[in-house]
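The listed protein sequences correspond, in order, to chains A and B. Per my numbering, residue 1 is the first one in the first sequence, and the count goes up by one each step. Per my numbering, residue 1001 is the first one in the second sequence, and the count goes up by one each step. We put the CB at the ideal spot given by N, CA and C, even for glycine. These notes concern the structure reproduced below.
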Amino acid sequence: MITLGIDIGSTTSKCVLMRDGQDIIASSLRVGGLGTEGPAEALAELWEKAGITAEDVDRTIVTGYGRNKYEGADGEVSELTCHALGGRWVFPELRTLIDIGGQDAKIISLSESGRMSNFVMNDKCAAGTGRFLDVMANILRMDIDELDECASKSVKPASISSTCTVFAESEVISQLANGVERPDLVAGICESVASRVGALARRAGVVPKVCMSGGVAKNGAVRRALAKSLETDIDFDPMAQYFGAIGAALYAYRQLTK
Amino acid sequence: MAEEVKKPEEVKKPRKPLDPNSAKYKLGKIASDAFATAIEAKKQGKPVAWVSSNFPVEIPETLGLATAYPENQAAGIAARGAGERMCEVAEADGYSNDICAYARISLAYAKLKECPEQDVAMPDVLLCCNNICNCMIKWYENLSQELGIPMIMLDIPFNPDYEVSDAEVAYVSGQFWDAVHQLEDLFGLKWDDDRFEQVTGFSCRASRAWLEATAQAKYTPSPFNGFDLLNHMAVMVTARGKEEAGEAMETLLKEYKENHEKGESTFRVEEKHRIMFEGIACWPYLRATSRGLKDRGINMVTTIYADAFGFDYNSFDEMIRAYCSVPNAINLEKSRDKRVKLCKDNNVEGLLVHTNRSCKLWSGFMAEMSRQIGKECNIPVTSFDGDQADPRNFSEAQYDTRVQGLCEIMEANKEAKEA
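So this is what it looks like as structure tokens:
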């Protein structure tokens, strides 16, 4: 059985095609989420990679912020359930998943058996999310993927407010003007995200094994700062940004085999 | 399953006239009469008091003083879509948008003296009690300054202990009689012990029926949609000391009992899940918040917010203790225990917390309290950002995701139990 998971987020669209809930046939990711061509482009890329068409898919589940607007799926499930499923599939012992996406951060607790038992999400503020890092990278005229390496050269991370993206933006500009080294600023920015998300995680309760998902998971500086803040190891898988789409494909498979 | 949720097109049907013998008609009439009666009293030159919601209603009712409730007015204004407009009037006068939106709306009304969405009679005196929140004191002090009228303060401070002490009862009792004497002096009113006894009887009758009606959610399925309570409670806020309130509440109780016996409910879809709602309603988005639950078969069967306005007592001492024990005046442990009881009595499967930007007191300790409730009752907990009256603090997409997540956990828990 072939199932398709589509995760339409606020900034990217991800697709994962699975066979029998066990193997990933193909995956795709395009920048552009809800309200853009991103979902259609990600799907087109997926068909091309997999060499099959939509007719070959037995069931499709859509998740993410764009789930309610997407009409090509057989059903929609929240990204909370999907990230929990996807994370547990990749890390079978997973108990705590930290997902930092484009506009929200969520901490998902899983029971021993792998069921999502609770979750905590950020409030409406975008501080501590991928959007926060986007804005900061933009000020520093850096690509988001360069932040990790730059932060690793830091000697003394700068202190950046985690209260508000707009305030932090002016703070970074001011520190730049005061001659603070770029690596120290970037490390401070990453620690700021970790500080905010760490507080959320402590509220939910952190039980190992812990992993990260979402686009920000790729940022090693944030991962390291979070691990230090929570005093626990945080696992990472290169497919972390696809956990929601994997979970959606797994959910579709579960429904077919129920 | 969650993904099969269908959101049917909203079709507005002409409303059938309500049966005058129904609880809904009676309660609606009492709630609207509460505003009209004060407006009429004002026209006749009688004094009117603006009263905070948990001020002992027995005082103005016994003295025959006409009343209006700014919290109730603000909720009505917000529910009818004018919250932002009124808040902006207050903000333009320098009030921070961090202040309670009820306060901002009320302060705006004090300036404008009109709001078509819910007019009230202008006051001659302010009756303030801080057992519901301390922001109330500054709100009423400012009203007093702006309008140039006296404010009578009944101080019931937050109680850090589990029980109400005799010292607190003595402290509040002294203020109770002082408030009575001040009102007598201000307006030439006369306290009458027989009338007081009658009023306390009305108040207790209404409270007993109200609390018993809300307790009918112990049945599965519940004989009512919990959002009904948010409307009906207006009577408990504004008119619990009136004879007709007791009669209307007893009708409500009778209807809920009948619903249970007939297997009917005002929750019009299959009740798949039962939750407790925590916090003041998000009035500007009442329909969206209600529908987000109903579309998934989630019935909000209980909320401390509704029960907060039921005061049952057998003596003056017990009455004072009741006013010292309203939800926002008690410590975390007692607050938690009351809610845990509600969850257990009503077979609650999940907790939805409104992180209300207006209510720092209530929302501030909810992070820890909801964690303790979730642990004690073994239920999932989620929260959403919103506001009781300022529509700028709510995101429907955020609400929807969190409710869906909660729903999916409750479904998975049920499936695990059945397996």
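Can you name the residues of chain B whose CB is closer than 7 angstroms to the CB of residue i?
i	result
Phe119 (chain A)	Thr1382 and Gly1405
Tyr65 (chain A)	Ala1397
So what's residue i in DSSP terms, helix, strand or just coil?
i	result
Asp1390 (chain B)	coil
Met1300 (chain B)	strand
Trp1050 (chain B)	strand
Ser1222 (chain B)	coil
Asn1259 (chain B)	helix
Met1319 (chain B)	helix
Asn219 (chain A)	coil
Glu1003 (chain B)	Low local confidence applies: a pLDDT of 44 at Glu1003 (chain B) is under 50, so the model's placement there is unreliable, and no value is given.
Ser213 (chain A)	strand
Ser117 (chain A)	strand
Val166 (chain A)	helix
Cys1135 (chain B)	helix
Gly247 (chain A)	helix
Lys1042 (chain B)	helix
Val135 (chain A)	helix
Ala1206 (chain B)	helix
Ala1034 (chain B)	helix
Gly1081 (chain B)	coil
Asp1385 (chain B)	strand
Val62 (chain A)	strand
Lys1341 (chain B)	helix
Ser948 (chain B)	Because chain B here runs from 1001 to 1419, residue 948 (chain B) falls outside it and cannot be looked at.
Asn1159 (chain B)	coil
Run down chain A in chain order and give the residues with a C-beta less than 7 angstroms from the C-beta of residue i.
i	result
Arg1339 (chain B)	Per Cβ cutoff of 7 angstroms: no residues; Arg1339 (chain B) is ~17 angstroms from chain A at best.
Gly1241 (chain B)	Here the premise fails: no neighbours, minimum Cβ distance about 39 angstroms.
Thr1200 (chain B)	Within 7 angstroms Cβ-Cβ: nothing; Thr1200 (chain B) doesn't reach chain A, min ~43 angstroms.
Using 7 angstroms as the threshold, is the C-beta distance between residue i and residue j below it?
i	j	result
Gly1241 (chain B)	Val1057 (chain B)	yes
Gly57 (chain A)	Gly128 (chain A)	The sequence given here has Val at residue 57 (chain A), not Gly. Against a cut-off of 7 angstroms, the Cβ pair of Gly128 (chain A) and Val57 (chain A) comes out as no contact.
Ala1023 (chain B)	Glu1318 (chain B)	no
Ile1105 (chain B)	Ala1074 (chain B)	yes
Gln1118 (chain B)	Trp1283 (chain B)	no
Gly215 (chain A)	His83 (chain A)	no
Gly102 (chain A)	Gly9 (chain A)	yes
Ala1179 (chain B)	Ile1059 (chain B)	yes
Glu169 (chain A)	Ser161 (chain A)	no
Arg1296 (chain B)	Cys1407 (chain B)	yes
Ile1039 (chain B)	Glu1244 (chain B)	no
Glu79 (chain A)	Thr63 (chain A)	yes
Lys1016 (chain B)	Thr1251 (chain B)	no
Asp1228 (chain B)	Thr1266 (chain B)	yes
Asp99 (chain A)	Ser195 (chain A)	no
Pro1391 (chain B)	Gly1083 (chain B)	yes
Ala1079 (chain B)	Leu1351 (chain B)	no
Val1120 (chain B)	Phe1202 (chain B)	no
Cys211 (chain A)	Leu85 (chain A)	no
Pro157 (chain A)	Glu191 (chain A)	yes
Could you tell me how far apart the beta carbons of residue i and residue j are, in whole angstroms, since I believe they sit closer than 8 angstroms?
i	j	result
Ser1222 (chain B)	Glu1264 (chain B)	Between Glu1264 (chain B) and Ser1222 (chain B) the Cβ distance is about 11 angstroms, and since that is not below 8 angstroms, they are no contact.
Asn1299 (chain B)	Asn1225 (chain B)	6 angstroms
Ala221 (chain A)	Ala187 (chain A)	6 angstroms
Leu43 (chain A)	Cys15 (chain A)	6 angstroms
Val1348 (chain B)	Ile1304 (chain B)	With a Cβ gap of about 12 angstroms, Val1348 (chain B) and Ile1304 (chain B) do not count as contacting.
Tyr1399 (chain B)	Gly1292 (chain B)	6 angstroms
Asn1054 (chain B)	Tyr1219 (chain B)	About 29 angstroms; that fails the 8 angstroms criterion.
Asp235 (chain A)	Phe91 (chain A)	6 angstroms
Cys1128 (chain B)	Tyr1109 (chain B)	About 16 angstroms separates the two Cβ atoms, so there is no contact after all.
Ile107 (chain A)	Met116 (chain A)	11 angstroms between Cβ atoms; not a contact.
Leu1126 (chain B)	Met1086 (chain B)	Their Cβ separation, rounded to whole angstroms, is 19 angstroms, which puts Leu1126 (chain B) and Met1086 (chain B) out of contact at 8 angstroms.
Pro1123 (chain B)	Trp1050 (chain B)	4 angstroms
Run down chain B in chain order and give the residues with a C-beta less than 9 angstroms from the C-beta of residue i.
i	result
Met116 (chain A)	Pro1380, Gly1405, Glu1408, Ile1409 and Ala1412
Report the neighbours of residue i on chain B: residues whose CB is nearer than 8 angstroms to its CB, in chain order.
i	result
Arg203 (chain A)	Ala1367 and Arg1371
For a contact meaning CB atoms closer than 9 angstroms, what does residue i contact in chain A?
i	result
Ala1416 (chain B)	Ser111, Ser113 and Arg115
Thr1062 (chain B)	Per Cβ cutoff of 9 angstroms: no residues; Thr1062 (chain B) is ~45 angstroms from chain A at best.
Step through the CB atoms of chain D and report whether any lies within less than 7 angstroms of the CB of residue i.
i	result
Arg1104 (chain B)	Protein chains in the displayed structure are A and B, and chain D is not among them.
Which chain A residues sit within Cβ distance under 8 angstroms of residue i?
i	result
Gly1374 (chain B)	Asn118
Thr1067 (chain B)	Neighbours of Thr1067 (chain B) on chain A: none; closest Cβ ~37 angstroms, over 8 angstroms.
Which residues, taken in chain order from the segment 80-104 of chain A, show a beta carbon closer than 7 angstroms to some beta carbon of chain B?
Leu80 and Thr81
Positions along the segment 1349-1361 of chain B whose CB lies within less than 9 angstroms of some CB in chain A:
Thr1355
Name the residues in the segment 1286-1301 of chain B whose C-beta lies less than 7 angstroms from a C-beta of chain A; which are they?
none
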